[in-house]
Structures are given as structure tokens and as C-alpha cells.
Amino acid sequence: MQDTEMVTELLEVQSLEIGDIKIFRAERRLDRRGYVLPTYSQRGFADAGIAFELAHENHCWSARTGTIRGFHYQLPPYAQPKLIRVTRGRILDVNVDLRRSSPTFGRHVKVELEPEGWSQILVPAGFAHCYCTLTDDVEVIFKLGCAYAPRYARALRWNDPERGL
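First residue of the sequence shown? That's 37 in this note's numbering, and the numbers climb one at a time after it.
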């Protein structure tokens, strides 16, 4: 029996300069108790043509401004797509395209994220991800499409002069 009353909660999708990287926004539903904010909908992603299956979630905290985490990525078959949301503070999020067959191979995209913008970023598999905290006391939630696989985990130097980041 199909439930005809099921509705996908609307997530607004915007592509960045590298089109495979997306920003998602949702409107808060306010009432006298507070609000509800949808942050992930498998059906909503599928309706938007995006394959993302949640496998793991991490909650990261950084105490100080200028804390750098990354550039991290995993090799196939454990490459990790990531859906990233800031719940406290502000970050500069940077992603480098490592997909050799991509027309944007080697290019990067940067975006600032903060909770007040109600935005989150989807970083597909094949990108190295890094962020720098722009405030003290930052919390970031990562929804991952693949669990951590230490033997396949790799990193790039965040300050590599050849990358021009």
C-alpha cells in the first residue's frame, strides 16, 4: 500500500562554481515551541537527482579561531561524500576536486558556513575537504556516505604552495 500523504520536506539546492558541490537550505518551521529545520531527506535528495545514502555521522568541536581540519579524503571504494553543517561558530570550507576525469580537476571552491544561514554543503566523493574556523567555539556536523576506512584515508597539505589555496 502506497502512502499518498507522504511529503518530501523541501530543501532548496544551489550549485557552486564546481557544479557537483551543492549548498542546501531549508526554511525553519516556527511555532510557539520553537522551530523544526529539516537537514536531510533521502527522498528529497533522490527527487533532486542526488544519490546520497547516510552511513555515518560525526560531530566535531574546535575551541579556537584558526583551527584547520583537513584536507581529508578517502580512496575508492571507500570514497566519502559528505554533507556538512555548522551548528555553532563560523568556518571557511574548502574543497579540491581530485577526480582526474573531471573538467574541474585540481580546482577548488570555498564557501563560508554558519548556523544563521541555515545552509549546509554537499561534497561528493572524489574531493579533498578542509575547513578553517573563523571564530572560537565551533561545532560542525558531518553526515558521511561511507564510514571511515583508515587504510584508504589520505590527506593533502592545507598550505601546499602549488595549490594556491
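Every residue gets a Cβ at the ideal spot worked out from N, C-alpha and C, and that includes glycine.
Length of the line joining the Cα atoms of residue i and residue j
| i | j | result |
| --- | --- | --- |
| residue 82 | residue 88 | 8 Å |
| residue 105 | residue 125 | 15 Å |
| residue 204 | residue 118 | Nothing in the structure corresponds to residue 204, since the chain is present only between 37 and 201. |
| residue 70 | residue 91 | 29 Å |
| residue 200 | residue 153 | 27 Å |
| residue 49 | residue 85 | 11 Å |
| residue 134 | residue 166 | 13 Å |
| residue 129 | residue 67 | 32 Å |
| residue 42 | residue 198 | Confidence at residue 42 is low in this model, with a pLDDT of 44, below 50, so the placement of that residue should be treated as unreliable; the coordinate-derived value is given next. Near 50 Å, if we compare the C-alpha coordinates of residue 198 and residue 42. |
| residue 18 | residue 195 | Past the boundaries of the shown model lies residue 18; the chain is included only from 37 to 201, so the question cannot be answered. |
| residue 148 | residue 127 | 6 Å |
| residue 172 | residue 94 | 19 Å |
| residue 59 | residue 192 | 23 Å |
| residue 157 | residue 112 | 21 Å |
| residue 10 | residue 179 | Outside the modelled stretch of the chain, which goes from 37 to 201, sits residue 10, for which no answer is possible. |
| residue 143 | residue 116 | 18 Å |
| residue 107 | residue 80 | 29 Å |
| residue 101 | residue 65 | 32 Å |
Classification of residue i by the beta-carbon crowding that lies within 10 angstroms, buried from 16 upward
| i | result |
| --- | --- |
| residue 121 | buried |
| residue 51 | exposed |
| residue 155 | buried |
| residue 162 | buried |
| residue 141 | exposed |
| residue 160 | buried |
| residue 137 | exposed |
Residues near residue i in its chain [Cβ-Cβ closer than 7 Å; skip 5 each side]
| i | result |
| --- | --- |
| residue 145 | 52, 53, 54, 57 and 131 |
| residue 114 | 182, 185 and 188 |
| residue 99 | 172 and 173 |
Beta-carbon proximity list for residue i, same chain, < 6 Å, skipping 5 on both sides
| i | result |
| --- | --- |
| residue 109 | 164 and 190 |
| residue 96 | 176 |
| residue 78 | none |
Close Cβ partners of residue i (< 8 Å) along its chain, the five nearest in sequence each way excluded
| i | result |
| --- | --- |
| residue 62 | 45, 46, 47, 48, 73, 74, 75 and 154 |
| residue 103 | 168, 169 and 174 |
**3 or more residues per run - each beta strand (DSSP E) lying fully within the stretch 97-165** = 104-110, 118-124, 127-133, 144-149 and 155-159
**Prompt:** Where are the alpha helix (DSSP H) runs, 4 residues long or more, that stay fully inside the stretch 40-84, in chain order?
**Reply:** 78-83
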